[in-house]
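Colleague: Residue 126 in my numbering sits at position 99 of the sequence shown, with consecutive numbering throughout. Even glycine gets a Cβ: it sits at the ideal position worked out from N, Cα and C. Take this structure, written in structure tokens, and hold onto it; I'll ask about it next.
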Amino acid sequence: MHEVVVREARMEDEDEVVQVYTGPLAIDEETARKDFRGHMQSNTSKVFVAEMNGKIAGVVTFYWQTWNMIGRIGIIGVLPETQGKGVGKKLVQACKEWCKKIGIRKIYVDTAADNIRAQIFYIKAGFYPEHILKDYYRDGLDGINFAMYLK
């Protein structure tokens with residue numbers, strides 16, 4: 028079994044992180060680079076990467092509001108060849124630990140209503156469905172907003 032190591036992202040991780048965005052997340056390269064750089068330069072954002080065998084296998088972006096200390100997972104993606112190996116679980120755990128460290132009291136994440144696999148993943152990770160986001164992804168495709176309170 029290969030060990031999954033999660034750490035804060037560095038700017039030099041950009042090319043590998045972009046592979047996660049453009050692969051399983053199907054985000055175009057320009058948008059991926061802009062999103063990654065934006066998170067890396069923000070004072071209220073964090074990016075964590077998961078490594079397996081010295082290569083980035085997954086990424087999660089997280090940002091928060093300081094006025095109410097509520098955070099949101101922006102994207103979470105795991106390369107197809109490393110799915111089912113605990114990468115996503117460890118990325119969410121890194122976010123939870125970071126949130127507790129800085130005093131975040133609640134985390135949100137959303138997914139499409141037709142993405143059953145993601146919904147199951149979030150529930151297993153400790154999130155609960157809080158509300159429906161009507162036509163969030165496009166006309167006719169709702170989102171489901173999941174939440175987790177941190178104690």
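Could you spell out where the alpha helix (DSSP H) holding Leu118 opens and where it closes?
Modeller: Element bounds for Leu118: Val114 to Ile129.
Colleague: Among residues of its own chain, excluding the 5 on either side of Gly153, which ones have a beta-carbon nearer than 6 Å to its beta-carbon?
Modeller: If we look at Gly153 and ignore the five residues flanking it on each side, its Cβ neighbours are Met175.
Colleague: Expressed to the nearest angstrom, what Euclidean distance is found between the alpha-carbon atoms of Lys123 and Leu177?
Modeller: Those two C-alpha atoms are separated by around 8 Å.
Colleague: Nearest to Gly104 by alpha carbon, out of Val47, Arg64, Gly81 and Leu160?
Modeller: Taking only the C-alpha atoms, the option nearest Gly104 is Val47.
Colleague: Looking only at its own chain, which residues have a Cβ that is under 8 Å from the Cβ of Gly130, when we skip the five neighbours before and after it?
Modeller: Result list for Gly130: Met96, in chain order.
Colleague: Looking at the unbroken alpha helix (DSSP H) that takes in Gln146, where does it start and where does it end?
Modeller: Where Gln146 is concerned, the enclosing alpha helix (DSSP H) stretches over Ile143 to Lys151.
Colleague: Roughly how many whole angstroms lie between the Cα atoms of Ala139 and Asn80?
Modeller: Computed Cα separation, rounded: 31 Å.
Colleague: Output yes if chain D places a C-beta closer than 8 Å to the C-beta of Ile54; else output no.
Modeller: Here chain D cannot be found, since the structure has a single protein chain.
Colleague: Specify, as a first and last residue, the run of the alpha helix (DSSP H) that Glu29 falls within.
Modeller: Per the sequence presented here, residue 29 reads as His, with Glu not at that position. Taken as a continuous stretch (DSSP letters only), His29 belongs to no alpha helix (DSSP H), as it is neither H nor E.
Colleague: Report the partner residues of Glu39 according to the DSSP bridge assignment.
Modeller: According to DSSP, Glu39 bridges with nothing at all.
Colleague: Exposed or buried, Trp94, counting other C-beta atoms within 10 Å across all chains shown (16 or more means buried)?
Modeller: Trp94 comes out exposed.
Colleague: I need the straight-line Cα distance from Glu157 to Lys151, nearest angstrom please.
Modeller: Rounded to whole angstroms, Glu157 to Lys151 spans 15 Å at the Cα level.
Colleague: Could you check the C-alpha separation between Lys116 and Tyr149 for me, to the nearest Å?
Modeller: Computed Cα separation, rounded: 9 Å.
Colleague: So for Gln92, helix, strand or coil by DSSP?
Modeller: Strand, per DSSP.
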